[in-house]
């Protein structure tokens, strides 16, 4: 990208998925990246940031990814063990710090 101000949209579709990626950029002295992805793809955010920062040094970047599975009859769920363990550790630390018990921690995790 030669200019810091721009807009791009890309669609991909096959029999199973539809993916739409939109990128908006504005002039900025530093790299300011905002990502909007479906909650079940949040685990990819770090990798997305690494890839973008390889190619873009500065600018205000707004990245939106829409991902739709066409066959709604199949459940689409990705288990991110590292995220789950970290989340449970944080809840345990909150219990310790505030001397309280959090009922049904798994329910909290599944709502994320």
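In this note's numbering, the protein residues as written are -7 to 104.
Ideal placement from N, C-alpha and C gives every residue a C-beta, glycine not left out.
Review point. If residue 49 and residue 23 are in contact, beta carbons under 8 Å, what's the gap, nearest whole angstrom?
Key: On the chain shown, residue 49 is found 57 positions in, with the first residue counted as 1. On the chain shown, residue 23 is found 31 positions in, with the first residue counted as 1. Confirmed, about 6 Å.
Exercise for review: List the DSSP bridge partners of residue -1.
Suggested key: To locate residue -1, count along the chain shown from 1; it is residue 7. Residue -1 is bridged to 16.
**Study point:** Limits of the unbroken alpha helix (DSSP H) element including residue 90
**Key:** Locating residue 90 in the chain shown gives position 98, where the first residue counts as 1. Its alpha helix (DSSP H) spans residues 73 to 90.
Review point. Quick one: what's got a C-beta closer than 6 Å to residue -2's C-beta in the same chain, skipping five residues either side?
Key: The count along the chain shown starts at 1 and reaches residue -2 at position 6. Excluding sequence neighbours, residue -2 sits near 17.
Review point. From this set, 7, 28, 35, which residue's C-alpha is nearest residue 13's C-alpha?
Key: Taking the first residue of the chain shown as position 1, residue 13 is located at position 21. The shortest Cα separation from residue 13 among 7, 28, 35 belongs to 28.
Point to revise | Burial state of residue 53, where buried means 16 or more other Cβ atoms lie within 10 Å | key: The residue you call residue 53 lines up with position 61 of the chain shown. It is buried - the Cβ of residue 53 has at least 16 other Cβ atoms within 10 Å.
Exercise for review: Just tell me which of 92, 34, 76 has its CA closest to the CA of residue 56.
Suggested key: Residue 56 sits at position 64 when you count from the first residue of the chain shown. Residue 56 has its Cα closest to that of 34, out of 92, 34, 76.
**Study point:** Alpha-carbon to alpha-carbon, residue 19 and residue 99
**Key:** Your numbering for residue 99 matches position 107 in the chain shown. Your numbering for residue 19 matches position 27 in the chain shown. Distance between the alpha carbons of residue 99 and residue 19: 42 Å.
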